[in-house]
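For the sequence shown, the numbering used here assigns the number 1 to the initial residue and increments by one for each residue that follows. As structure tokens, the structure follows; a few thoughts come after it.
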Amino acid sequence: MDAHLHTFVVSDMHLSEAQEVDPQRPLWMAYKRREFFIDDDFARFLEYIQEQADGPIELILNGDIFDFDSVTALPDDRRHIDWLERVRGLGSEEWKSEFKMKVIIAHHPRWFEALGDFIKNGHRAVFIIGNHDVELYWPSVQRLVCSALGVDAPLGLLEEGARHPQEAAPHGPGERLYTDDPVVFCNWFYLSGDDTYVSHGHQYDPNCVIHDPIDPLIEVHGEPRVRVPFGDLAARYMLNGMGYFNPHQSENYIMSTVAYVRFFFKYMLRTQPLLIWTWFWGAYATLWISLRTHWLQAMRDPLLVDDKVRSIAMRSRATPSMVRKLNAVHVPSATNNPFRIARELWLDRAFFLLVALFLAWQVVLHINIAWPISPLWVFVPLGLFMLPYVAYASSVKPTVFENPLLSEERAELIHKITGMRRVVFGHTHQPKCEQVGSVTLYNGGFWSQAFADPECTIRLGAQTFVRIQPNPSGEGRTAELCEWKATAEKPCRCLCSDPSTPAVYANLEGALVDA
């Protein structure tokens, strides 16, 4: 890899459809309106990095660039769309993923135009698939993206068996494969240069891990579809029906019971009074579909296994051995434990509450046989049964990002497998740079519009990215976490370039708060 290569890593843009204003519910999904699109900011960013770099640029779009889960638009012909898709968005069959990609392209012409010009200037774009854009696995969806960018599409991730025309040959058994395509789609990781392992990070999150990123397809009702992780099914079937919650920051939809009640009375009482019912059936649908799809066997052709792994390795600039080993490093899915995901969806507390109501009513009915009493006496035993319920409910804590994506053990494994001493993630929307064991971890943060309120007046976080550039000394490359402010006089600000001391991370947190 060219030691003069400039690499920029951005993630979590969550490009979706534009939300039109609903006069009956003016704050419904307000964060998706065109006025909050990041397209112009991204176009200025691409212009800026081309002005600053003195060599070729490798732009790594590190997952969740597109948000298929948030697209609720429907095609005109709805004969093959079931009732759940009509109210919560299409599934992940190929033609449905194509339709959603076309909607995103149509609503973000500036974004695709800017990236297309960037590529035509001789630079490179690497798409790493995340959990919200898992439907990019379809080759036809990749071709739609390339067509919108005005470039030729590479061989699809699922189109194995043919030698790629751009593959450099021959390769020794231990040499990293590569392709020089201007646009590349990677399953879940990419090796930049000889120093950096880049991955979205969802494969180390039990709620969002893709069961088998090498073979992501399953068969449902005789039709192939991409297996969607539990966390994304929850976003699709729950948050799409509760449009006052902003999905781009977990604090917006993971609250205490008291906070939920306050939020309901402030924003939802008039326009969505049946919120509890919306939540209940959405949570049940999420639980049922998660469990049903989780245990299905992947669609796998044994004759194409080696070709598929080699294809993935070539796009990721790795070896087939690395692909297999890194796939074994992933965490187990939370769906392995049905009670855990039921608890994450609050269905456990709903069940225990119904049991408490049933038992309290049974107590009153039995007493009423010998001694007629008012039905209002049901509140006495209910109050007693509620004590253990409240104790249990208060003890349950959300598991979203409960553990860090990169543990010291996992960092050491990644280093031993790839030889890389630097890791770049996204996914958590929490920019950081820190030392994890012998590996330097950067999290590129996010670009999507996250707000603290449904009115979208209080912006959360900042647009951040990771820059990896040639070392002025001529030895290797250096990395830094930067903030991008498109409208500022100096739009780029370095937040962290040396995570070796705790003080640096403390300064980073302070800088982001000030921003």
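A virtual CB, placed ideally from N, CA and C, is assigned to each residue, including glycine.
Asked, Found
"What is the rounded straight-line gap between the Cα of residue 213 and the Cα of residue 188?", "7 Å"
"Which residues mark the beginning and the end of the alpha helix (DSSP H) in which residue 209 is found?", "Taken as a continuous stretch (DSSP letters only), residue 209 belongs to no alpha helix (DSSP H), as it is neither H nor E."
"Using the C-alpha atoms, what's the distance from residue 472 back to residue 243?", "49 Å"
"Flag this pair as yes or no: are the beta carbons of residue 65 and residue 133 separated by less than 8 Å?", "yes"
"Assuming the contact rule is C-beta atoms closer than 8 Å, residue 534 and residue 230 should be a hit. Round their C-beta distance to whole Å, please.", "Outside the shown range of the chain (1 to 515) lies residue 534, about which nothing can therefore be said."
"Cα separation between residue 119 and residue 146?", "11 Å"
"Grouping DSSP H, G and I as helix and E and B as strand, with all else coil, what is residue 216?", "coil"
"Going by Cα to Cα distance, which pick from 392, 109 and 358 is closest to residue 379?", "358"
"By the 10 Å Cβ neighbour count, where 16 or more other Cβ atoms means buried, how is residue 95 classified, buried or exposed?", "exposed"
"Can you confirm whether the segment 322-335 touches the segment 274-284 when touching is taken to mean that 3 or more C-beta pairs between the two stretches lie within less than 8 Å?", "no"
"If you check the beta carbons only, do residue 39 and residue 138 fall under 8 Å apart?", "no"
"Per DSSP, which one or two residues make a beta bridge with residue 224?", "219"
"So, under 8 Å CB-CB, residue 422 and residue 440 are touching, yes? Tell me the CB distance rounded to an integer number of Å.", "5 Å"
"Tell me which residues share the same chain as residue 56 and place their Cβ nearer than 8 Å to its Cβ, disregarding the 5 neighbours each side in the sequence.", "2, 4, 5, 6, 122, 123 and 124"
"Express the C-alpha separation of residue 343 and residue 364 in angstroms, rounding to a whole number.", "30 Å"
"Per DSSP, residue 432 is paired with what?", "443"
"CA-CA distance, residue 43 and residue 115?", "7 Å"
"Thinking residue 437 and residue 464 are a contact (beta carbons under 8 Å), I'd like their distance in whole angstroms, please.", "The pair is not a contact, with the Cβ atoms about 23 Å apart (cut-off 8 Å)."
"Cβ of residue 317 within 8 Å of Cβ of residue 178?", "yes"
"How would you label residue 241, buried or exposed, when you count the other beta carbons within 10 angstroms and need 16 or more for buried?", "buried"
"Under 8 Å, with one C-beta from each stretch per pair, do the segment 61-77 and the segment 9-23 reach the 3-pair mark?", "yes"
"On a Cα-Cα basis, can you pick out the residue from 416, 468, 467 and 449 that is closest to residue 29?", "449"
"Quick one: what does DSSP say residue 459 is sitting in, helix, strand or coil?", "strand"
"Measure the beta-carbon distance from residue 481 to residue 460 and round it to whole angstroms, keeping in mind my assumption that it falls under 8 Å.", "At roughly 17 Å, the Cβ-Cβ gap does not stay under 8 Å, so residue 481 and residue 460 are not in contact."
"Please state whether DSSP places residue 493 in a helix, a strand or coil.", "strand"
"Tell me, please, which residues DSSP counts as bridged to residue 22.", "25"
"Using DSSP with H/G/I as helix, E/B as strand and the rest coil, what is residue 199?", "strand"
"Tell me the DSSP bridge mates of residue 530?", "Absent from the structure is residue 530, since the part of the chain shown begins at 1 and ends at 515."
"Tell me the residue span of the alpha helix (DSSP H) that contains residue 418.", "408-418"
"Compute the beta-carbon to beta-carbon distance between residue 406 and residue 204, rounded to the nearest angstrom, for a pair I have assumed lies under 8 Å.", "7 Å"
"With burial defined as no fewer than 16 other Cβ atoms inside 10 Å of the residue's Cβ, what is the status of residue 46: buried or exposed?", "buried"
"Please classify residue 497 as buried or exposed, where buried requires at least 16 other C-beta atoms within 10 Å of its C-beta.", "exposed"
"To which residues does DSSP link residue 479 through a beta bridge?", "468"
"Can you tell which of 355, 220 and 371 has the C-alpha that lies nearest to the C-alpha of residue 291?", "220"
"How about residue 97 and residue 211: do their beta carbons lie closer than 8 Å?", "no"
"Can you tell me the Cα-Cα spacing of residue 510 and residue 433, whole angstroms?", "Caution applies to residue 510, whose pLDDT of 48 falls short of 50 and renders its modelled position unreliable; the value that the coordinates give is listed next. Between residue 510 and residue 433, the C-alpha separation is close to 13 Å."
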